[in-house]
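Since the structure comes first, as C-alpha cells, the remarks are kept for the end.
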Amino acid sequence: MKTGIVLEGGGKRGIYAAGVLDVLLEHNIVADGLIGTSAGAVNGCSYVSRQYQRNIRYNIRFAKEKKYMSIYSLITTGNVVGTKFAYDLLPNVLEKFDYDSFEKSPIDFYATCSNLETGKAEYILCTTLRGKYMDYLRASASLPYVSQIVEVDGKKLLDGGVCDSIPLKAFQNMGYTKNLVVLTRPKGYMKKPENNLMAEVFYGKYPKFVSAMKNRFAVYNRTVRYVEQQEKEGNIFLLRPSKSIKVGRMEKDAEKIKALYQLGKDDANRHLQEIALFLHRKEN
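Here you go:
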C-alpha cells in the first residue's frame, strides 16, 4: 500500500493547502508520494523539502511585488507570473528552496501539466527541481491566455488544471491507494461553463487542448463527485475549506492570504489524529 497527498490548484487559494501541509510538517506526518496541480505543485514542493512556513512567508512578503504576479508582469514579460522572479530569484536568492533536501526526500513528487498537442494531462515525476524540472513546475502553474507556452523535452505545456485539476484518479492508478486530498474550494462548489470564445484564437493550432478548455467545467465537476464518492467509500481523507474566505487567484491582500492559510492549519489540526491514522494505517 502506498499513501499519497493530492493537491488542487487555484492560484493564491492554494495557500489553504500550504497551511495543511505545515501542520503535517509540524507533526512529522509523511506520505509516500505527493501530486499537485498548478499552485498545488508549487506549494507541495516545500513540503517535500521540509521547509516549514516557506510558502506563507514568500506569499506575504511578495504579495504586492509587481514582478511576481501582476498585470505589469504580463505586459512586460508575457507571463502574469514573472518567470525570472518566481522561478529563479525567489527560489535561488530571496526565499531559498532547499534543493538538496528535496532530492533526499523519500516522498515522490509529481507535477501535473497539460499537453497542448494531446489535450491530456501529464504527471511528471520530479526527482529534483533543478534545470528542466523547474520548467515542469512552471508549466504546471502557467495559466492559459496569460502565460507563454512552456516547452520541455519537446512537449508544449501549460496549466495542469485545464486537463486535471484534482489528479486523484491518476495517483490511484499509480498505486497510491490511500490519499489525503486537499481541495481549495469549500463544499458545494461546482464550476460553471466558462467563456472560451478566444480559445481558438490563442490555441487554434492545438484543437485537442481547445476541446479540453471548453470541457474543463464538466470534467472538474465530475472529478469532484468522484472525490466525494471516494470519501464515502473510505478510500481517501478529504480536506477543503470549512468556511468561505474570498481570496482571488492573484490576491494582493496579505490579511486575506493569512486568514486562508490559518484556516488550512485550523482544519488540519481539527482532524489531525484522523489524518495521521489514515495515512499510517496498514491494510488487513
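All residue numbers in the sequence shown are consecutive under the numbering used here, ending with 628. Don't be surprised by glycine CBs; every beta carbon is placed ideally from N, CA and C. These numbers were taken from a predicted model, which means no experiment stands behind them.
- With respect to the 7 Å criterion, T456 and S484 are classified as neighbours on the basis of their beta carbons.
- When only Cα atoms are considered, K596 and I415 end up about 12 Å apart.
- Rounded to the nearest angstrom, the gap between the Cα atoms of C389 and F446 is 8 Å.
- Residue range 398 to 405 is occupied by the alpha helix (DSSP H) that includes N403.
- Around the CB of I419, fewer than 16 other CB atoms lie within 10 Å, so the residue is classed as exposed.
- In this structure, L502 keeps its C-beta atom at 7 Å or more from the C-beta atom of V364.
- DSSP places K609 in the helix class (H, G or I) of the three-state scheme.
- For the 7 Å CB-CB criterion, A385 and G355 do not form a contact.
- As summarised for the segment 359 to 444, the continuous beta strand (DSSP E) elements at least 3 residues long and confined to that stretch are 377 to 381, given in chain order.
- Judged by their CB atoms, A612 and V350 are not nearer to each other than the 7 Å cut-off.
- Nearest Cα to E544 within the set P450, Y402, M557: M557.
- For N565, the enclosing alpha helix (DSSP H) starts and ends at 560 to 576.
- Assigned with DSSP and collapsed to three states, V350 falls in strand.
- Secondary structure of N540 (DSSP, three-state): coil.
- Non-local C-beta neighbours of V392 in its own chain, meaning closer than 7 Å and more than five positions away in sequence, comprise L378, F446, S449, I451, F453, ordered along the chain.
- Under DSSP, E495 forms a beta bridge with K500.
- Ranked by Cα distance from L481, the options N517, T381, G348 are led by T381.
- DSSP places L469 inside the beta strand (DSSP E), whose first and last residues are 464 to 469.
- By the C-beta criterion, the segment 558 to 575 is judged not to be in contact with the segment 487 to 498, since fewer than 3 inter-stretch pairs fall below 8 Å.
- Separation of the CB atoms of D497 and A465 is rounded to 16 Å, and the pair is thereby denied contact status at 8 Å.
- Sequence-distant partners of N387 (beyond 5 residues in either direction) whose C-beta falls short of 8 Å from its own C-beta, in its chain, are L351, G358, I359, A361, A362, L365, G380, N399.
- Per DSSP, the unbroken alpha helix (DSSP H) holding I619 starts and ends at 616 to 624.
- Its chain contains K535, K536, P537, E538 as the residues whose beta carbon lies nearer than 7 Å to that of F561, once the 5 sequence neighbours on both sides are disregarded; these appear in chain order.
- In this structure, I468 and I619 do not form a Cβ contact; the two beta carbons are roughly 26 Å apart against a cut-off of 8 Å.
- From the listed residues P551, N565, M345, S491, the smallest Cα separation to P511 is found for N565.
- The residues N423, in chain order, have a CB closer than 6 Å to that of S491 in the same chain once the five nearest residues on each side in sequence are set aside.
- Rounded to the nearest whole angstrom, the CA to CA distance from Q617 to V571 is 21 Å.
- For the 7 Å CB-CB criterion, N523 and G353 do not form a contact.
- In summary, A407 is buried, with 16 or more beta-carbon neighbours lying within 10 Å of its beta-carbon over all protein chains present.
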